[in-house]
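To start, the structure itself, in structure tokens.
Chains as they are written, first to last, in the UniProt record's numbering: chain A, 1 to 305; chain B, 1 to 305.
If you want it as structure tokens, here you go:
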């Protein structure tokens with residue numbers, strides 16, 4: 001069980017905090033072994049929009065272990081730190097985390113807290129586009145990158161402005177729990193999942209899911225849950241409460257793919273994962289993934305490679 | 001000055017609340033004449049993710065006027081109301097708002113609160129895709145639409161799941177304060193602005209802005225702020241801290257348009273607005289929008305119509 005700790009600075013940007021909270025809370029609800037915790041380091045934890053939080057525990061009460069994650073949201077520009085002078089114990093606590101295997105993430109101007117802890121020295125990072133110059137100036141030993149949704153450098157993640165914290169949180173869920181859970185979370189939150197421009201991995205689970213049609217989602221879910229059976233159009237239409245003809249039209253309209261192409265994509269991807277990670281025979285893999293025989297599978301693996 | 005009131009139910013979905021709060025808070029920071037307020041109607045105001053709020057005023061203390069807006073976020077499924085029995089005074093308060101000119105919005109399962117107040121009877125609405133059936137069943141006189149980001153029916157707005165509250169809030173900002181402020185808000189929040197599928201209006205200010213490149217944004221901002229001058233490529237390159245050649249390449253890559261096409265689009269749109277809303281002569285409009293003469297303007301208006 002990993003703990004995801006949200007640091008709440010006073011004058012916290014509410015959406016910086018709430019976006020990642022909701023992503024991890026939804027991952028937890030979907031079965032991911034995480035629990036959420038909130039800490040503060042100042043006398044109070046207010047938000048920049050005038051809504052204050054009830055008492056939040058002090059950071060020093062939190063015991064963290066390797067695999068845990070600490071997330072620092074941004075705060076009002078006027079409150080941005082550039083040194084550790086005001087809260088030396090808090091910054092020392094932050095600074096010791098990466099070497100203990102605890103990962104750190106900042107959203108937006110939360111990067112200034114990582115900088116004050118010395119964690120940006122020698123690392124690449126990013127922040128809100130309006131603060132890129134100020135962050136570089138405050139922490140000259142860091143390498144501040146513009147035009148990125150998020151950046152990862154040796155256990156320290158930073159993300160761009162405000163809503164980019166949602167994108168970073170989704171990327172962290174994907175990194176830890178895989179693309180299938182990530183698509184379930186983004187679908188539940190009705191989120192458009194933006195990938196980092198430099199994020200190499202393409203996901204068959206997430207691609208073609210940035211639409212809103214509930215019937216098409218039902219058909220896609222059913223296909224994912226019944227790879228071996230390779231369900232017929234009639235079965236899918238029933239699942240989606242639609243006619244075969246209408247589902248065919250809707251599926252293409254909302255996903256950009258035919259049902260058959262989507263099905264082949266996800267079954268090929270599942271087979272590729274089994275080839276790479278299991279000791280199953282090609283025959284067994286073909287059966288599990290709904291292929292006629294190992295030759296059909298092999299042809300598709302070759303073509304998609 | 002309009003008041004935007006956020007109702008905080010106990011077990012509130014944090015992102016349902018925080019998304020619209022941040023959008024309106026940012027609109028306020030950019031000069032929109034709104035103020036934000038928070039109210040509760042139960043004994044406490046917690047969030048579904050375990051983070052509680054400090055004391056929030058009771059709804060009955062809030063004096064509202066025509067033009068104000070009340071937003072109701074969603075809450076944990078187990079806490080969804082289907083009748084007004086538990087908080088009759090609160091629901092009576094909600095119910096009286098539209099006839100007094102106060103608009104109401106729900107995010108996600110917040111639609112159940114509008115339903116319990118009788119506000120969905122005879123109206124079209126939407127909610128989280130997993131609750132579309134339950135909402136229709138609980139409030140049979142409503143018309144629950146699936147597959148929508150948000151729906152507006154005579155002063156009552158409702159939106160789909162969780163993150164769709166951000167889209168609704170942006171649409172409300174656009175409706176009230178125009179597309180230019182909306183693009184500034186979404187840019188500051190680093191948000192991808194998703195429009196409703198049925199949202200007819202296309203905005204030259206928002207289109208071609210769903211990218212992250214700071215230099216290109218600077219050039220676009222400068223063009224918007226200097227319509228009459230129709231700035232040269234050299235001027236824009238300096239503004240964007242780039243070379244003319246590099247800016248030309250980046251602009252096209254990130255916006256999908258040449259600088260010249262983008263400039264023509266925004267100047268034509270500004271001119272069209274002036275033709276429709278002012279008593280200026282065509283000559284004066286052409287000058288203000290950086291056209292050589294009224295004939296050039298007229299040709300472009302005709303072509304784009």
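Just so you know, even glycine gets a beta-carbon here, dropped at the ideal spot from N, CA and C.
DSSP state of residue i mapped onto helix, strand, coil
i: residue 153 of chain B; result: strand
i: residue 38 of chain A; result: strand
i: residue 46 of chain B; result: strand
i: residue 53 of chain B; result: strand
i: residue 162 of chain A; result: coil
i: residue 291 of chain B; result: coil
i: residue 190 of chain B; result: coil
i: residue 102 of chain A; result: coil
i: residue 3 of chain A; result: strand
i: residue 199 of chain B; result: Caution applies to residue 199 of chain B, whose pLDDT of 41 falls short of 50 and renders its modelled position unreliable; the model cannot decide the point.
i: residue 306 of chain B; result: The question about residue 306 of chain B has no answer, for chain B in this structure spans 1 to 305.
i: residue 305 of chain B; result: Because the pLDDT of residue 305 of chain B is 45, which lies under 50, any placement of that residue in the model is unreliable, and the number read from its coordinates should be weighed accordingly. Reduced to three states, the DSSP call for residue 305 of chain B is coil.
i: residue 58 of chain B; result: strand
i: residue 309 of chain A; result: Residue 309 of chain A cannot be examined here, being either before or after the span of chain A that is shown, 1 to 305.
i: residue 148 of chain A; result: coil
i: residue 180 of chain A; result: helix
i: residue 13 of chain B; result: coil
Proximal chain A residues relative to residue i, where beta-carbon distance stays under 7 Å
i: residue 176 of chain B; result: Simply none; closest approach about 18 Å.
i: residue 162 of chain B; result: 22, 189 and 190
i: residue 36 of chain B; result: 49 and 50
Of the residues the options, the one placed nearest residue i, counting alpha carbons only
i: residue 108 of chain A; options: A:56, A:290, A:168 and A:117; result: A:168
i: residue 211 of chain A; options: B:129, B:34 and B:267; result: B:129
i: residue 179 of chain B; options: B:86, B:270 and B:234; result: B:270
i: residue 218 of chain A; options: A:239, A:233 and A:231; result: A:239
i: residue 148 of chain B; options: B:71, B:158, B:140 and B:154; result: B:158
i: residue 118 of chain A; options: A:88, A:131, A:132 and A:134; result: A:88
i: residue 131 of chain B; options: B:121, B:285 and B:112; result: B:112
i: residue 3 of chain A; options: A:10, A:18, A:25 and A:37; result: A:37
i: residue 49 of chain A; options: B:18, B:48, B:165 and B:213; result: B:18
Within chain A, partners of residue i - CB distance below 9 Å
i: residue 110 of chain B; result: Near residue 110 of chain B there are no residues of chain A at all, since even the closest Cβ is about 14 Å away, more than 9 Å.
i: residue 89 of chain B; result: Within 9 Å Cβ-Cβ: nothing; residue 89 of chain B doesn't reach chain A, min ~23 Å.
i: residue 287 of chain B; result: By Cβ distance, chain A contributes nothing, its closest Cβ being about 33 Å from residue 287 of chain B, past 9 Å.
i: residue 229 of chain B; result: The premise fails here: residue 229 of chain B is roughly 25 Å from chain A at the closest Cβ pair, so nothing lies under 9 Å.
Listed by chain order, chain A residues near residue i by CB distance under 8 Å
i: residue 98 of chain B; result: The premise fails here: residue 98 of chain B is roughly 25 Å from chain A at the closest Cβ pair, so nothing lies under 8 Å.
i: residue 53 of chain B; result: 51, 52, 53 and 54
Contacts of residue i in chain B (Cβ-Cβ under 7 Å)
i: residue 19 of chain A; result: 15
i: residue 234 of chain A; result: Under the 7 Å cutoff, chain B gives no residues; its nearest Cβ is about 22 Å from residue 234 of chain A.
C-beta atoms of residue i and residue j nearer than 9 Å
i: residue 267 of chain B; j: residue 290 of chain B; result: yes
i: residue 340 of chain A; j: residue 20 of chain A; result: This structure cannot settle anything about residue 340 of chain A, because the visible part of chain A is limited to 1 through 305.
i: residue 7 of chain B; j: residue 110 of chain B; result: yes
i: residue 281 of chain B; j: residue 294 of chain B; result: yes
i: residue 264 of chain A; j: residue 224 of chain A; result: no
i: residue 162 of chain B; j: residue 22 of chain A; result: yes
i: residue 215 of chain A; j: residue 250 of chain A; result: yes
i: residue 123 of chain A; j: residue 86 of chain A; result: no
i: residue 114 of chain A; j: residue 94 of chain A; result: yes
i: residue 288 of chain B; j: residue 227 of chain B; result: yes
i: residue 182 of chain B; j: residue 160 of chain B; result: no
Chain B contact residues for residue i, given Cβ-Cβ distances below 8 Å
i: residue 214 of chain A; result: 129, 132, 146 and 147
i: residue 269 of chain A; result: Chain B residues near residue 269 of chain A: none, gap ~25 Å exceeds 8 Å.
Within chain B, partners of residue i - CB distance below 9 Å
i: residue 238 of chain A; result: Result: empty, since nearest Cβ-Cβ is about 17 Å, beyond 9 Å.
i: residue 141 of chain A; result: Within 9 Å Cβ-Cβ: nothing; residue 141 of chain A doesn't reach chain B, min ~22 Å.
Residue i: CB within 8 Å of a non-hydrogen atom of the ligand FMN
i: residue 12 of chain B; result: Annotation note on the ligand FMN: not contained in the displayed structure, which lists no ligands.
Would you check if there are 3 or more beta carbon pairs closer than 8 Å linking the region 164 to 174 of chain A to the region 95 to 109 of chain A? yes
Under 8 Å, with one C-beta from each stretch per pair, do the region 32 to 45 of chain A and the region 73 to 81 of chain A reach the 3-pair mark? Taking a cut-off of 8 Å for Cβ pairs, the region 32 to 45 of chain A and the region 73 to 81 of chain A do not touch, as fewer than three such pairs fall below it.
At least three beta-carbon pairs within less than 8 Å, the region 54 to 68 of chain A to the region 14 to 23 of chain A: no
Would you check if there are 3 or more beta carbon pairs closer than 8 Å linking the region 176 to 189 of chain A to the region 25 to 42 of chain A? yes
Evaluate contact between the region 47 to 59 of chain A and the region 49 to 62 of chain B, counting only Cβ atoms and requiring at least three cross-stretch pairs below 8 Å. yes
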